[in-house]
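In my numbering, the protein residues as written are 170 to 300.
Everything below concerns the one structure shown next.
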Amino acid sequence: MKGGDIMLIDRRREIDDIFRPLLDMQRTMDRLFHEIFRDYAREEPMFSSEFYPAVDIYETKDAINIDVELPGMDKKDVKVKIENNVLTISGEKKSEREEKGRNYRVVERSFGKFERSFIIPDTVDTKNVKA
(Lines of atoms letter the chains of each structure in order from A and count residues from 1; the text may use other names and numbers.)
(Lines give C-alpha, C1' and ligand atoms only; values in the text may rest on other atoms or scores of the structure.)
Protein backbone atom coordinates (compact mmCIF):
# COMPACT_ATOMS: atom_id res chain seq x y z
CA MET A 1 0.00 0.00 0.00
CA LYS A 2 1.41 3.39 -1.01
CA GLY A 3 1.69 6.12 1.58
CA GLY A 4 -1.53 8.06 1.81
CA ASP A 5 -3.73 5.42 0.16
CA ILE A 6 -6.80 4.32 2.06
CA MET A 7 -7.78 0.71 1.70
CA LEU A 8 -11.35 -0.25 2.46
CA ILE A 9 -12.09 -3.89 3.08
CA ASP A 10 -15.69 -4.24 2.10
CA ARG A 11 -16.99 -7.76 1.60
CA ARG A 12 -20.32 -6.34 0.45
CA ARG A 13 -18.61 -4.91 -2.64
CA GLU A 14 -17.21 -8.35 -3.51
CA ILE A 15 -20.64 -9.93 -3.08
CA ASP A 16 -22.24 -7.11 -5.10
CA ASP A 17 -19.79 -7.78 -7.94
CA ILE A 18 -20.62 -11.49 -7.93
CA PHE A 19 -24.38 -10.90 -7.96
CA ARG A 20 -24.40 -7.79 -10.21
CA PRO A 21 -25.76 -9.67 -13.29
CA LEU A 22 -28.58 -11.16 -11.19
CA LEU A 23 -29.41 -7.78 -9.66
CA ASP A 24 -29.48 -6.19 -13.12
CA MET A 25 -31.85 -8.90 -14.31
CA GLN A 26 -34.01 -8.44 -11.21
CA ARG A 27 -34.23 -4.68 -11.84
CA THR A 28 -35.33 -5.35 -15.42
CA MET A 29 -37.97 -7.84 -14.23
CA ASP A 30 -39.14 -5.44 -11.49
CA ARG A 31 -39.53 -2.70 -14.08
CA LEU A 32 -41.52 -4.99 -16.41
CA PHE A 33 -43.80 -6.23 -13.63
CA HIS A 34 -44.26 -2.69 -12.35
CA GLU A 35 -45.40 -1.56 -15.80
CA ILE A 36 -47.70 -4.57 -16.30
CA PHE A 37 -49.22 -4.61 -12.80
CA ARG A 38 -48.91 -0.91 -11.90
CA ASP A 39 -52.43 -0.71 -10.48
CA TYR A 40 -52.39 -4.07 -8.71
CA ALA A 41 -48.95 -4.83 -7.26
CA ARG A 42 -47.60 -2.66 -4.46
CA GLU A 43 -44.56 -4.63 -3.40
CA GLU A 44 -41.14 -3.02 -3.50
CA PRO A 45 -38.07 -4.87 -4.80
CA MET A 46 -36.17 -6.84 -2.15
CA PHE A 47 -32.71 -5.81 -3.35
CA SER A 48 -31.93 -2.65 -5.20
CA SER A 49 -28.93 -0.41 -5.69
CA GLU A 50 -31.21 2.50 -6.61
CA PHE A 51 -32.27 5.14 -4.09
CA TYR A 52 -34.84 3.57 -1.78
CA PRO A 53 -35.70 5.86 1.16
CA ALA A 54 -36.33 4.27 4.55
CA VAL A 55 -39.65 4.87 6.30
CA ASP A 56 -41.10 4.70 9.80
CA ILE A 57 -44.85 4.11 10.03
CA TYR A 58 -46.54 4.64 13.37
CA GLU A 59 -50.00 5.30 14.71
CA THR A 60 -51.11 7.84 17.29
CA LYS A 61 -54.52 8.40 18.83
CA ASP A 62 -55.49 10.73 15.98
CA ALA A 63 -53.41 9.72 12.98
CA ILE A 64 -51.30 7.24 11.05
CA ASN A 65 -47.89 8.81 10.39
CA ILE A 66 -45.32 7.94 7.75
CA ASP A 67 -41.88 9.48 8.20
CA VAL A 68 -39.74 9.17 5.07
CA GLU A 69 -35.97 9.60 5.28
CA LEU A 70 -35.04 12.02 2.50
CA PRO A 71 -31.78 13.71 3.51
CA GLY A 72 -30.66 16.54 1.27
CA MET A 73 -34.00 16.85 -0.54
CA ASP A 74 -36.29 19.87 -0.70
CA LYS A 75 -40.01 19.44 -0.08
CA LYS A 76 -40.68 20.84 -3.58
CA ASP A 77 -38.82 17.86 -5.12
CA VAL A 78 -41.14 15.30 -3.49
CA LYS A 79 -44.59 14.38 -4.86
CA VAL A 80 -47.29 12.90 -2.64
CA LYS A 81 -50.53 11.56 -4.08
CA ILE A 82 -53.41 9.36 -2.97
CA GLU A 83 -55.36 7.32 -5.45
CA ASN A 84 -57.69 4.40 -4.66
CA ASN A 85 -56.44 4.28 -1.05
CA VAL A 86 -52.82 4.01 -2.17
CA LEU A 87 -50.47 6.69 -0.91
CA THR A 88 -47.52 7.19 -3.28
CA ILE A 89 -44.45 9.23 -2.43
CA SER A 90 -42.05 9.87 -5.30
CA GLY A 91 -39.25 12.15 -6.38
CA GLU A 92 -35.63 12.27 -7.40
CA LYS A 93 -32.54 12.70 -5.25
CA LYS A 94 -29.86 14.34 -7.35
CA SER A 95 -26.16 13.69 -6.87
CA GLU A 96 -24.37 16.35 -4.84
CA ARG A 97 -20.91 15.18 -5.87
CA GLU A 98 -18.52 17.41 -7.69
CA GLU A 99 -16.62 15.21 -10.14
CA LYS A 100 -13.91 17.69 -11.13
CA GLY A 101 -10.46 16.72 -9.87
CA ARG A 102 -11.69 13.93 -7.60
CA ASN A 103 -10.87 10.26 -7.77
CA TYR A 104 -13.54 8.62 -5.61
CA ARG A 105 -12.43 5.46 -3.78
CA VAL A 106 -15.80 4.65 -2.21
CA VAL A 107 -19.29 5.83 -3.14
CA GLU A 108 -22.01 4.48 -0.85
CA ARG A 109 -24.67 7.18 -1.07
CA SER A 110 -27.57 6.46 -3.40
CA PHE A 111 -29.13 8.87 -5.84
CA GLY A 112 -31.86 8.68 -8.43
CA LYS A 113 -35.61 8.49 -8.82
CA PHE A 114 -37.67 6.74 -6.19
CA GLU A 115 -41.26 5.77 -5.57
CA ARG A 116 -42.74 4.24 -2.43
CA SER A 117 -46.40 3.17 -2.26
CA PHE A 118 -48.49 2.26 0.77
CA ILE A 119 -52.00 0.85 0.94
CA ILE A 120 -53.89 2.91 3.50
CA PRO A 121 -56.93 1.67 5.43
CA ASP A 122 -60.44 2.57 4.25
CA THR A 123 -60.99 4.28 7.61
CA VAL A 124 -58.48 7.04 6.73
CA ASP A 125 -60.06 10.29 5.56
CA THR A 126 -57.95 10.87 2.44
CA LYS A 127 -59.20 14.46 2.10
CA ASN A 128 -57.42 15.39 5.34
CA VAL A 129 -54.02 13.88 4.59
CA LYS A 130 -51.13 16.29 5.24
CA ALA A 131 -47.63 16.14 3.82
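Every residue, glycine too, gets a C-beta built ideally from N, C-alpha and C.
The alpha-carbon separation between P290 and N254 amounts to approximately 7 Å. Counting C-beta pairs with one atom in each stretch, the region 245-252 and the region 219-231 have fewer than three that are closer than 8 Å, which means they do not touch.
Taken through DSSP and simplified to helix, strand or coil, D236 comes out as strand.
In the DSSP annotation of this structure, the continuous segment of the beta strand (DSSP E) that includes T257 starts and ends at 255-262. By the C-beta density criterion, K263 is exposed, having fewer than 16 other C-beta atoms within 10 angstroms. In terms of Cβ geometry, D236 and D246 do not form a close pair [threshold 7 Å]. A direct Cα-Cα distance of roughly 43 Å separates M194 from D231. Take L239, set aside five residues on each side of it, and the residues of its chain with a beta-carbon closer than 6 Å to its own are P222, in chain order.
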